[in-house]
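Enquirer: Residue numbers (this note's numbering): 8 to 344.
1. Name the two residues that bound the continuous alpha helix (DSSP H) containing residue 139.
2. Are residue 25 and residue 244 touching if we call contact CB-CB under 8 Å?
3. List, from N- to C-terminal side, the beta strand (DSSP E) runs of 3 residues or more that fit wholly inside the stretch 213-260.
4. For the alpha helix (DSSP H) that contains residue 117, what are its first and last residues?
5. With a 10 Å radius around its C-beta and 16 neighbouring C-beta atoms as the bar for buried, classify residue 263 as buried or exposed.
6. In chain order, what are the residue ranges of uninterrupted beta strand (DSSP E) at least 3 long that sit wholly in the stretch 294-326?
7. DSSP three-state label for residue 50, please.
8. Counting beta carbon pairs with one atom in the stretch 52-71 and one in the stretch 138-147, are three or more of them shorter than 8 Å?
9. Under the assumption that residue 187 contacts residue 9 (Cβ atoms under 8 Å), give the Cβ distance between them as a whole number of angstroms.
10. Tell me the residue span of the beta strand (DSSP E) that contains residue 88.
11. Could you give the DSSP three-state label for residue 283: helix, strand or coil?
12. Using DSSP with H/G/I as helix, E/B as strand and the rest coil, what is residue 204?
13. Spatial neighbours of residue 14 within its chain, please: CB distance less than 6 Å, with the 5 preceding and 5 following residues excluded, ordered by chain position.
14. Quick test of the definition: if touching needs 3 or more C-beta pairs under 8 Å, does the stretch 67-85 touch the stretch 95-112?
15. If residue 113 and residue 131 are in contact, beta carbons under 8 Å, what's the gap, nearest whole angstrom?
16. How many angstroms separate the CA atom of residue 55 from the CA atom of residue 43?
17. To the nearest angstrom, how far is the alpha carbon of residue 200 from that of residue 191?
18. My understanding is that residue 221 touches residue 235, with C-beta atoms under 8 Å, so please give their C-beta distance in whole angstroms.
19. Name the DSSP beta bridge partners of residue 268, please?
20. Give me, in chain order, the residues of the same chain whose beta-carbon lies closer than 8 Å to that of residue 137; leave out the 5 immediate sequence neighbours on both sides.
21. Pick out whichever of 115, 106, 163 has its Cα sitting closest to the Cα of residue 133.
22. Out of 330, 312, 208, 319, state which residue places its alpha-carbon closest to the alpha-carbon of residue 32.
23. Thinking C-beta only, is residue 155 closer than 8 Å to residue 71?
24. Between the Cα of residue 272 and those of 193, 256, 251, 28, spot the shortest distance and give me the residue it belongs to.
25. Grouping DSSP H, G and I as helix and E and B as strand, with all else coil, what is residue 328?
26. If you run the structure through DSSP and keep just helix, strand and coil, what is residue 11?
27. For residue 50, which option in 232, 256, 310 has the closest C-alpha, if you only look at C-alpha atoms?
28. Output yes or no for whether 8 Å exceeds the beta carbon distance between residue 206 and residue 74.
See the structure below:
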């Protein structure tokens, strides 16, 4: 049995984009399922799913990413393998078509032995990340090729508003979780960051333990994977993905209470402000036959969050947009957990 879960970010999703976001999430599940059926591990499927999301102009990752204050695209992305907890990320990188692919290559490169005791990097940023991508045959493009019409329109509007009256702008992130047939877990996240962010700003999508986490030791049927979206500075300060995952891993049957406590009390207590975050969590636990079964959570403190999933048992992607006050689902796209 294997499963793919994706999210389009936590934030304020305009109803006008609802259909486009749902279509993008559904489209990302199918290629991920296909590579899993062909024997790929969890991280390979994470790359497939997030790459589709990065190519979609209606989401804040890859093509269509929010623009910096200078009007450029700078992306963050990371990926983690639960079997060995290996991790790779790229930060503030321009001109890489699919940042998640570069992060995945960096994770793979970190596993290879290095001469002279050199320590392989976990994170590469800016020009260094672009150079690594080029050397490792990750597709690169002109930085302007990642600027979508929607992003330009948003940039012009918000830049004008910023010039009139400075105010914070909250944006979202995309991510994916995968449980493969061997019980391995993978997690990933990709983001264009905040609209009108300072050039060089690095968000949670590139930081170890903040934007994503996966742990699925080989000798156990217990594991957890987490992908986070929201206000990066808050998420980084709390190491949200890692802290939440490790607490759940220590007490799987208490996941509901742990998620609520960490989101509402821990982050709020640390920062003194209401957290603006959302996340999906995939837990692997023992079943009655001695094997494993998945359980899925979606939790957020923002106004909405869009989520989809598909599995080998039900390959037709299920998608919906959750609202803070209720669940807004089409009859033909109901989330079944």
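Just so you know, even glycine gets a beta-carbon here, dropped at the ideal spot from N, CA and C.
Expert: On the basis of the supplied data:
1. 133-142
2. no
3. 219-222, 230-237
4. 106-117
5. Around the beta carbon of residue 263, a 10 Å sphere encloses fewer than 16 other beta carbons of the protein chains shown; the residue is thus reported as exposed.
6. 299-307, 311-318
7. helix
8. Counting Cβ pairs under 8 Å, fewer than three are found: no touch.
9. 5 Å
10. Residues 82-88.
11. coil
12. coil
13. 182, 287, 314
14. Because the criterion of three Cβ pairs below 8 Å is met, the stretch 67-85 and the stretch 95-112 touch.
15. 6 Å
16. The alpha-carbon of residue 55 is positioned some 10 Å away from that of residue 43.
17. Cα-Cα distance, rounded: 29 Å.
18. That belief does not hold up - the Cβ atoms of residue 221 and residue 235 are roughly 12 Å apart, past 8 Å.
19. Per DSSP, none; premise fails for residue 268.
20. 100, 101, 102, 103, 147
21. 106
22. 312
23. yes
24. 251
25. strand
26. strand
27. Nearest neighbour of residue 50 by Cα position, chosen from 232, 256, 310, turns out to be 232.
28. no
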